[in-house]
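Protein chains in written order, with my numbering: chain A, 1 to 141; chain B, 1 to 141; chain C, 1 to 141; chain D, 1 to 141. So the structure is just underneath, and the comments pick up after that.
4 protein chains.
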Amino acid sequence: MSSTNEAFRFHHDVTVRFRDIDVAGHAHHADAFIYFEEARWAYWLEVVGRGLDELDYVLAEGSVRWHARVLWPQAVRVGVRVSRIGRKHFEMEYEVRTREGAKLQSGRTVQVMYDFEAGRSKEMPADLRATLTAYDGPFAP
Amino acid sequence: MSSTNEAFRFHHDVTVRFRDIDVAGHAHHADAFIYFEEARWAYWLEVVGRGLDELDYVLAEGSVRWHARVLWPQAVRVGVRVSRIGRKHFEMEYEVRTREGAKLQSGRTVQVMYDFEAGRSKEMPADLRATLTAYDGPFAP
Amino acid sequence: MSSTNEAFRFHHDVTVRFRDIDVAGHAHHADAFIYFEEARWAYWLEVVGRGLDELDYVLAEGSVRWHARVLWPQAVRVGVRVSRIGRKHFEMEYEVRTREGAKLQSGRTVQVMYDFEAGRSKEMPADLRATLTAYDGPFAP
Amino acid sequence: MSSTNEAFRFHHDVTVRFRDIDVAGHAHHADAFIYFEEARWAYWLEVVGRGLDELDYVLAEGSVRWHARVLWPQAVRVGVRVSRIGRKHFEMEYEVRTREGAKLQSGRTVQVMYDFEAGRSKEMPADLRATLTAYDGPFAP
Chain A
1 MSSTNEAFRF HHDVTVRFRD IDVAGHAHHA DAFIYFEEAR WAYWLEVVGR
51 GLDELDYVLA EGSVRWHARV LWPQAVRVGV RVSRIGRKHF EMEYEVRTRE
101 GAKLQSGRTV QVMYDFEAGR SKEMPADLRA TLTAYDGPFA P
Chain B
1 MSSTNEAFRF HHDVTVRFRD IDVAGHAHHA DAFIYFEEAR WAYWLEVVGR
51 GLDELDYVLA EGSVRWHARV LWPQAVRVGV RVSRIGRKHF EMEYEVRTRE
101 GAKLQSGRTV QVMYDFEAGR SKEMPADLRA TLTAYDGPFA P
Chain C
1 MSSTNEAFRF HHDVTVRFRD IDVAGHAHHA DAFIYFEEAR WAYWLEVVGR
51 GLDELDYVLA EGSVRWHARV LWPQAVRVGV RVSRIGRKHF EMEYEVRTRE
101 GAKLQSGRTV QVMYDFEAGR SKEMPADLRA TLTAYDGPFA P
Chain D
1 MSSTNEAFRF HHDVTVRFRD IDVAGHAHHA DAFIYFEEAR WAYWLEVVGR
51 GLDELDYVLA EGSVRWHARV LWPQAVRVGV RVSRIGRKHF EMEYEVRTRE
101 GAKLQSGRTV QVMYDFEAGR SKEMPADLRA TLTAYDGPFA P
């Protein structure tokens, strides 16, 4: 069993911090979104080539499945991919695994393209659509 | 418009902290699970009458919709209810609103009854089922 | 024993969150700075009448003494005061107590007045010095 | 200028998370204690050879100096050392630097040896004193 899930082309390692652990002895459940986020930003920085200054989406929906406890100390491997692109939004999927490949958490987020200056949603830019499709597509319509 | 959503019998106020606010100027998206949790614990302490020592469930699934930015400073009002009880699990629903009633976040979590000593899931205890049903039921089968 | 320490004129209540509690069963030690911050902001909003848009200082130094464990659930009462004003900085002191008055944490932070546009420290404005002195002064030179 | 400060024999890298960044665009000031803690635990795991199950101290005092903003994305290097051992306590010092060596944060924590079962402080065990002294000593009396 490998931690590099073949369903994901992009992976990012996140070190679990002592502070993540709650009274039950495992990472607090909300930290799943933190691990997803670290991987999403790594994807954005490395695959898309965009940093904080060029952020043009907002999170609209998200879901998590907690499959097993995230223990400390360890670094987990997060698989992340774009799974669908709509006219004004795109979806991403995530899987958090131990380095030995055991599935810990999985989930999905929906991002809506957003024009922060105008204060409203906008269409997915063609160049971004092309970049995401070239890396993780083709996507189901 | 009232912040006391009539779909929820139980409400709990949570003060947004400065630390919740991220670089975008609003509460970080993962904090939705923190606000849900504060309300879930208040429900557990007040409605069920159980504290940390009697915890006998684990989180299996959760989802969030981010409707609007959570700004600081303010206290938000979180509605929480049990929405379904299965043989070994139960579901809870949440709504986070401003004190004026604007919807900010909504979501749902699925809890699985868990025997921490035995290390496995267990059936929903009859007395807990009765307490939850008396307060928030009847539930759809 | 009262939780309203007479050495402090201003107090602010902070609700301990479940997420604050770490594997040792008490609030994580770094959260002392969060509790201080909540009280400092309340002081700034209520005593000084300034919000986030008018922030003109940065933190330079801070210290904490952990006197007793911060347990959950509870709301703690934080006393906060300005204890000294220099030419370009000011100091604040904090005490976190249970509602029954038991001392939990105490500390101090040093703030340096900062011109964010110019990117350098600046002198304490005369009107701010007057406001702080009227409320918490006179201060030792 | 090297990020491996020669005053410290032990260094540990911590990846700054997006969640660490607050509305001012840099890591929240309380996170200094988190970065110190990550390095302290790494020291404890690697130098002392003790994990969570053998923890026998509590934090009594801590202080931080914020020298420069901690920006994202980056991994910072934390130097950590034991700087003094008393009869029932020991002190640790920390320095957080960029990989290029710029000093970001420094600080100190005081730990008191603690018998969690008995619920009271205890003397520094001779073997622990020997291990710490062999690695980071000799210490001033």
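Ideal Cβ positions, reconstructed from N, Cα and C, are used throughout, including at glycine. The model shown is predicted, which means the values in this text are computed figures rather than measured ones.
At a CB-CB cut-off below 9 angstroms, which residues of chain A make contact with residue i?
i, result
"leucine 52 of chain B", "Val23"
Use the C-beta contact count for residue i: other C-beta atoms within 10 angstroms, 16 or more gives buried, fewer gives exposed.
i, result
"glycine 51 of chain C", "exposed"
"glutamate 117 of chain A", "exposed"
"valine 82 of chain A", "buried"
"serine 2 of chain B", "Any reading at serine 2 of chain B must be qualified, since the residue scores a pLDDT of 49, below 50, and its modelled position is unreliable; the value itself is stated next. Serine 2 of chain B comes out exposed."
"glutamate 123 of chain B", "exposed"
"valine 110 of chain B", "buried"
"arginine 120 of chain C", "exposed"
"arginine 99 of chain C", "exposed"
"alanine 30 of chain D", "buried"
"aspartate 147 of chain A", "Within the shown structure, residues of chain A are numbered from 1 to 141, placing residue 147 of chain A beyond reach of any answer."
"alanine 42 of chain C", "buried"
"glutamate 95 of chain A", "buried"
"proline 138 of chain D", "exposed"
"aspartate 115 of chain C", "exposed"
Starting from residue i, follow the alpha helix (DSSP H) in both directions and report where the run begins and ends.
i, result
"aspartate 127 of chain C", "126–136"
"alanine 39 of chain B", "31–43"
Over the uninterrupted beta strand (DSSP E) stretch that includes residue i, give me the two end residues.
i, result
"glutamine 74 of chain D", "It is not in any beta strand (DSSP E) - glutamine 74 of chain D carries neither H nor E in the DSSP assignment."
"arginine 65 of chain C", "57–66"
"lysine 103 of chain D", "103–115"
"histidine 28 of chain C", "No beta strand (DSSP E) contains histidine 28 of chain C, which DSSP labels as neither H nor E."
"glutamate 91 of chain D", "89–97"
"valine 14 of chain D", "10–15"
Select from the options the residue whose C-alpha is nearest the C-alpha of residue i.
i, options, result
"glutamate 61 of chain A", "A:Val78, A:Gly49 and A:Met92", "A:Met92"
"glycine 86 of chain A", "A:Pro125, A:Leu45, A:Ala42 and A:His12", "A:Pro125"
"valine 38 of chain D", "D:Gly25, D:Phe10 and D:Glu54", "The residue asked about is misnamed: residue 38 of chain D is glutamate in this sequence, not valine. Looking at the Cα atoms, D:Phe10 is the closest of the given residues."
"glycine 101 of chain A", "A:Arg84, A:Ala75, A:Pro138 and A:Glu46", "A:Ala75"
"serine 106 of chain D", "D:Leu45, D:Trp41, D:Lys88 and D:Ala68", "D:Ala68"
"glycine 79 of chain A", "A:Arg129, A:His28 and A:Tyr35", "A:Tyr35"
"phenylalanine 90 of chain D", "D:Val70, D:Val112 and D:Lys103", "D:Val112"
"tryptophan 72 of chain B", "D:Asp22, D:Ala27, D:Trp66 and D:Leu55", "D:Asp22"
"alanine 27 of chain C", "A:Asp31, A:Arg19 and A:His26", "A:Arg19"
"aspartate 56 of chain A", "A:Ala7, A:Leu128 and A:Ala134", "A:Leu128"
"lysine 88 of chain B", "B:Val58, B:Gly137 and B:Ser63", "B:Val58"
"phenylalanine 33 of chain B", "B:Asp115, B:Ala24, B:Val48 and B:Ser63", "B:Ser63"
"valine 70 of chain C", "C:Asp13, C:Phe139 and C:Gly25", "C:Gly25"
"alanine 7 of chain B", "B:Glu46, B:Arg97, B:Pro141 and B:Thr131", "B:Arg97"
"alanine 130 of chain D", "D:Arg17, D:Val48 and D:Val16", "D:Val48"
"alanine 134 of chain A", "A:Arg108, A:Arg84, A:Lys103 and A:Val14", "A:Arg84"
"arginine 108 of chain B", "A:Leu132, A:Arg65, A:Arg77 and A:Lys103", "A:Arg65"
The ligand COA and residue i: does any heavy atom of the ligand fall closer than 7 angstroms to the residue's C-beta?
i, result
"valine 64 of chain D", "Although the ligand COA was asked about, the structure shown includes no ligands whatsoever."
For residue i, go through chain B and note every residue whose CB falls closer than 8 angstroms to its CB, in chain order.
i, result
"leucine 104 of chain C", "By Cβ distance, chain B contributes nothing, its closest Cβ being about 18 angstroms from leucine 104 of chain C, past 8 angstroms."
"leucine 59 of chain A", "His29 and Trp66"
For a contact meaning CB atoms closer than 9 angstroms, what does residue i contact in chain C?
i, result
"arginine 87 of chain D", "Ordered by position in chain C, no residue passes the 9 angstroms Cβ test against arginine 87 of chain D, which lies about 19 angstroms from the chain."
Quick one: which chain D residues come within Cβ less than 9 angstroms of residue i?
i, result
"leucine 45 of chain A", "Pro73"
Residues of the region 13–39 of chain C whose Cβ lies closer than 7 angstroms to any Cβ of chain B, in chain order: Thr15, Arg17, Phe18, Arg19, Ile34, Glu37 and Glu38
Residues from the region 62–96 of chain B in contact with chain A, defined by Cβ distance under 9 angstroms: Gly62, Ser63, Val64, Arg65, Trp66, His67 and Arg69
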